[in-house]
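Novice: Provided herewith is a single structure, encoded as C-alpha cells, for subsequent inquiry.
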Amino acid sequence: EPEVTQTPSHQVTQMGQEVILRCVPISNHLYFYWYRQILGQKVEFLVSFYNNEISEKSEIFDDQFSVERPDGSNFTLKIRSTKLEDSAMYFCASRVSERGTEAFFGQGTRLTVV
Amino acid sequence: GQQLNQSPQSMFIQEGEDVSMNCTSSSIFNTWLWYKQEPGEGPVLLIALYKAGELTSNGRLTAQFGITRKDSFLNISASIPSDVGIYFCAGSARQLTFGSGTQLTVLP
C-alpha cells in the first residue's frame, strides 16, 4: 500500500542551526502539506503546496520556514535558524486533490532543538 | 482561523463498552475525517465523510457527517485494548483543521 515516508525519524539540533526535514509523498498525489504537533497538543497546519508553489500558510509559517520540491519525489521543510520552541513532531501529508479526498500522513520527524 | 471543538478530552472505559466522541465547528467543512494517533506515530485515517448526513462504518467504527456540515461524531462499539490512542477529528477545506483530540484508555 502506498504511503508517505519521512526522514529522519528523529533529529536533534542546536539552537540557531538549520534543519531540513524530508518527505516522499504518495506518487500520484498533487497536494502536499506540513503539519506540526508540539508534545501533548493538537496537530497544527503549517503550509500547503501545489504546482510547485505555496498555496496556503499559517501564521506559524514565518520567514524562518521554507518548503521546496527539489525533484519529482521529495518535498522538504527547511527551518533556517531553529529555536527551542520549534521542538515538535513534524508531519508531512499528501492527497490527490484539494477537496473531497483523504489526506495521508507520514510517520513524522521528531525535532528536538537544544 | 477555523476552530474545532472536540469532546470529550479523555475517556476511560471498560473493555467491551461503546465509545462516542464528537466535533463541532463554527465553520462549514466539505469533508470530515477521523484519525487515530498512537504514541510516536503519525495520524492514521480511520473514516472519511464527504456528504452532509452521511453515515459511514469501518468495522466497529461508525461516523456521521452532521447535516449542518458543522459537526461530526465517531462511535466505537465493543471496545478492545488496541483501541487505545488519541482520536482526532479533522475538517477539510483547503487544508485540514484538527480538533484537540480525545485520549481513549480501555481498561481490561
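Residue numbers (the numbering used here), protein chains in the order written: chain A, -10 to 103; chain B, 90 to 197.
Don't be surprised by glycine CBs; every beta carbon is placed ideally from N, CA and C.
In this text the structure is predicted, and so the values were computed from the model without any measurement.
Are Gly61/A and Met78/A closer than 8 Å when you measure CB to CB?
Specialist: Position 72 of the first sequence, counted from the first residue, corresponds to residue 61/A. Position 89 of the first sequence, counted from the first residue, corresponds to residue 78/A. For Gly61/A and Met78/A, no; Cβs fall outside 8 Å.
Novice: Can you tell me where the beta strand (DSSP E) with Lys67/A in it begins and where it stops?
Specialist: One-based indexing of the first sequence puts residue 67/A at position 78. That run of the beta strand (DSSP E) goes Phe64 to Ile68.
Novice: Does the beta carbon of Arg88/A come closer than 8 Å to any beta carbon on chain B?
Specialist: Along the first sequence, read from residue 1 onward, the residue named residue 88/A stands at position 99. Chain B contact via Cβ: present.
Novice: What in chain A is Cβ-close to Thr186/B, meaning under 8 Å?
Specialist: For this step, residue 186/B is matched to residue 97 along the second sequence. What Thr186/B touches in chain A: Phe34.
Novice: In angstroms with no decimal places, state the Cα-to-Cα distance between Ile43/A and Leu135/B.
Specialist: For this step, residue 43/A is matched to residue 54 along the first sequence. For this step, residue 135/B is matched to residue 46 along the second sequence. Answer to the nearest angstrom: the Cα atoms are 28 Å apart.
Novice: Counting only C-beta atoms, is Leu134/B closer than 8 Å to chain A at any point?
Specialist: Position 45 of the second sequence, counted from the start, is the residue given in the question as residue 134/B. Yes, because at least one Cβ of chain A sits closer than 8 Å to the Cβ of Leu134/B.
Novice: Using a Cβ-Cβ distance under 8 Å, would Gln0/A count as near chain B?
Specialist: Sequence index remark: in the first sequence, residue 0/A carries index 11 (1-based). No, its Cβ sits nowhere closer than 8 Å to a Cβ of chain B.
Novice: Mapping DSSP to helix, strand and coil, what is Asp60/A?
Specialist: Looking up residue 60/A in the first sequence gives position 71. It is coil, neither helix nor strand.
Novice: From the DSSP output, read off the bridge partner residues of Met78/A.
Specialist: Taking the first residue of the first sequence as position 1, residue 78/A is located at position 89. Paired residues: Gln26/A and Arg99/A.
Novice: If you drop the 5 nearest sequence neighbours on each side, which residues of the same chain put their C-beta closer than 8 Å to that of Lys159/B?
Specialist: Walking along the second sequence from the start, residue 159/B turns up at place 70. Here the set comprises Thr113, Ser114, Ser115, Ser116, Ile117 and Phe118.
Novice: Can you name the start and end residues of the beta strand (DSSP E) that Tyr139/B belongs to?
Specialist: Looking up residue 139/B in the second sequence gives position 50. Segment: none, Tyr139/B is in no beta strand (DSSP E) and carries neither H nor E.
Novice: Taking Phe50/A as the query, report the chain B residues whose CB atoms sit under 7 Å from its CB, ordered along the chain.
Specialist: Looking up residue 50/A in the first sequence gives position 61. Near Phe50/A there are no residues of chain B at all, since even the closest Cβ is about 11 Å away, more than 7 Å.
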